[in-house]
């Protein structure tokens, strides 16, 4: 019986606790087949090696323990100054090449429970480039045995010197247990690929969407992307300190940005930079449509990319594979975002060139074939499972109204991540509109997005704006309703939510469709009880004559004998009274209706009563004494109260700018 035919001895087999009975059968199979096991030369395999293999299986079952060091690796204790060897990395294309190395020394306890080997590197390109971002993970060999991965270097260094993360530390990360939700056969079906992204049919099943270490802390109905980014920056700062010119820093992860321009590049830097990533404008290949001849498997020393978004725009963190073990591999030799258990798409990458820089040189590359998922992001390595498939969702942006636009339709696939998904949706939408409507003239836009949510259907969200000679950009979409709604859904505290697709249609007109509220006047300062208040609005259109419009605001009879103040505000600034959501269903129902029609004026006035919101229900007016009844005496779970008010929206078909307040007296009822 060949060794590979015994399930527990297949390369890369790290078994879960559920596999204990299988391990017992494996041990029996090994014992029964020991006499027949021979190597490729026809020699009997020593029983000591079989015992060692059995021990490795036992350790793999106790996933919390480190695995035994493979025989083709060299312990750090045996690494001595002056030893010479080689490393593997891709300098151009997809095939790894050798570069020479010489050991300088070993730094003990460089990171918690992790040493670091200092080496000199020798290669014509490295003599110019010195420390290279994107070489992180390049395997280093001494005496034909792997010692670890090229992972650290000095900024502004005048010598080609690097730090090597020990392979033992990296394999310890490989042995960490993973939640069941990240197994390749758990979860619901993936959505069909969007047109223009890939023609391959979706797999029958996809991994569950995980809540990683990039979640938003705060009320979901107050989600803010910029605030989310600040939270993550503060969270990862201790683990990813800003590099100084004299510090030994990670060789870093350059993020190749393709198809982005203008403001989107700045926003990418603002959002990703504090996470230890280095966004840079480069190219973006199509990993979902691999080129003929593109490699199909990862190899030691090969280039690997972590895809955050792909399609008409792309963002990929590039690094190097250190060691492939069956379906799994370790790479980078340091964390990417230090996020722990995660689930991001990965791809085989091609390197175009190593660009030399006085600060830190970096590889320029692109994805050529989507393979696997990043499943663990740890101190010593990232762990990738090439058999897994990370969840992504398609996004389509259609822009109407720009005559002659060469590219009005944009298609992308976005990684399903609590922070990265809303980030790249805002960039994809803003970038598409900015590139298509690059006009420095008056403009009005209306974006209607259909957000499809697994198990909860599709909701429609409206965003809008009017420009005065400044082109639209990603800044206009960072706080859009679409982005805030996605962030709220993905970071809700109740259950995992699947975003299945996003379809956005943007209608652009080259006119400033706004009116300025220049004044408001009550036509009858005193009205009878039950009669409406008639208000004249003086509206100044952009580059047009002054307009007047009379609106009627119903005033209830109960306000007889009082003076009523009526606030007039743009509909997009007035929030409806809503109960704090207590589950995803309530959140989904709330998101499309938080504000009034954007192209309206809302007249608001207060009532004498109070209102209350409780468990998804809103009572805008309560009778006297009702609050005493609703307020429990022995329970803190009480209704939210607010001053009752009436909101009357009146459509204008244009965006209103400005506010005003008028007063009307309601005559008392004579009896």
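Residue numbers (our numbering): 7 to 677. Using N, Cα and C, we set each Cβ at its ideal position, and we do this for glycine too. Small disclaimer: the values here were computed from a predicted structure and weren't measured.
CB contact flag (residue i, residue j, <8 Å)
i: residue 665; j: residue 605; result: no
i: residue 120; j: residue 175; result: yes
i: residue 497; j: residue 96; result: no
i: residue 543; j: residue 557; result: yes
i: residue 100; j: residue 308; result: yes
i: residue 381; j: residue 348; result: yes
i: residue 580; j: residue 610; result: yes
i: residue 368; j: residue 139; result: yes
i: residue 513; j: residue 416; result: no
i: residue 465; j: residue 390; result: no
i: residue 350; j: residue 406; result: no
i: residue 577; j: residue 655; result: yes
i: residue 323; j: residue 342; result: yes
i: residue 151; j: residue 79; result: yes
i: residue 300; j: residue 374; result: yes
C-alpha gap between residue i and residue j, whole angstroms
i: residue 560; j: residue 670; result: 12 Å
i: residue 482; j: residue 284; result: 23 Å
i: residue 419; j: residue 317; result: 6 Å
i: residue 47; j: residue 184; result: With a pLDDT of only 36 at residue 47, under 50, the local geometry of the prediction cannot be trusted, and no value is derived from it.
i: residue 281; j: residue 453; result: 30 Å
i: residue 662; j: residue 448; result: 16 Å
i: residue 56; j: residue 388; result: The predicted position of residue 56 is uncertain, since its pLDDT is 37 and thus under 50; no value can be drawn from it.
i: residue 241; j: residue 126; result: 34 Å
i: residue 286; j: residue 550; result: 45 Å
i: residue 220; j: residue 459; result: 20 Å
i: residue 182; j: residue 339; result: 15 Å
i: residue 230; j: residue 485; result: 7 Å
i: residue 153; j: residue 500; result: 45 Å
i: residue 438; j: residue 164; result: 42 Å
i: residue 363; j: residue 278; result: 21 Å
i: residue 58; j: residue 172; result: Confidence is the limiting factor: at residue 58 the pLDDT is only 39, short of 50, which leaves the residue's position unreliable and the question unanswerable from this model.
i: residue 678; j: residue 263; result: Residue 678 is absent from the model: the chain starts at 7 and stops at 677.
i: residue 525; j: residue 652; result: 22 Å
i: residue 384; j: residue 356; result: 24 Å
i: residue 529; j: residue 603; result: 26 Å
i: residue 84; j: residue 386; result: 20 Å
i: residue 265; j: residue 333; result: 32 Å
i: residue 53; j: residue 346; result: Confidence at residue 53 is low in this model, with a pLDDT of 35, below 50, so its placement is unreliable and the value that follows should be read with caution. Each residue's Cα considered, the two are about 38 Å apart.
i: residue 260; j: residue 335; result: 20 Å
i: residue 600; j: residue 564; result: 28 Å
i: residue 429; j: residue 480; result: 10 Å
i: residue 223; j: residue 112; result: 41 Å
i: residue 586; j: residue 597; result: 11 Å
i: residue 672; j: residue 535; result: 6 Å
Where the alpha helix (DSSP H) through residue i begins and ends
i: residue 174; result: 173–180
i: residue 492; result: 487–496
i: residue 157; result: Careful: residue 157 lies outside any alpha helix (DSSP H), inside the beta strand (DSSP E) at 151–160.
i: residue 235; result: 231–242
i: residue 437; result: 426–442
i: residue 131; result: 130–135
i: residue 272; result: 269–278
i: residue 483; result: 481–484
i: residue 592; result: 590–596
Identity of the residues DSSP links to residue i by a beta bridge
i: residue 382; result: 347 and 389
i: residue 653; result: 610
i: residue 534; result: Looking at the DSSP assignment, residue 534 forms no beta bridge with any residue, so it has no partner.
i: residue 399; result: 420
i: residue 93; result: 105 and 146
i: residue 452; result: 470 and 513
Assumed close pair residue i, residue j - CB separation to whole angstroms, cut-off 8 Å
i: residue 510; j: residue 488; result: 7 Å
i: residue 457; j: residue 432; result: Not really, about 14 Å apart at Cβ, beyond 8 Å.
i: residue 305; j: residue 102; result: 7 Å
i: residue 147; j: residue 91; result: 5 Å
i: residue 143; j: residue 289; result: Contact flag wrong, Cβ pair sits at about 21 Å.
i: residue 729; j: residue 320; result: With the chain running from 7 to 677 in the structure shown, residue 729 is simply not present.
N- and C-terminal bounds of the beta strand (DSSP E) containing residue i
i: residue 320; result: 320–331
i: residue 116; result: 103–117
i: residue 262; result: 259–264
i: residue 506; result: 505–515
i: residue 316; result: 309–317
i: residue 334; result: 334–337
i: residue 445; result: Careful: residue 445 lies outside any beta strand (DSSP E) and carries neither H nor E.
i: residue 306; result: No beta strand (DSSP E) contains residue 306, which DSSP labels as neither H nor E.
i: residue 550; result: No beta strand (DSSP E) contains residue 550, which DSSP labels as neither H nor E.
Residue i at chain D interface by Cβ criterion, 8 Å
i: residue 317; result: In the structure shown, chain D does not exist; there is a single protein chain.
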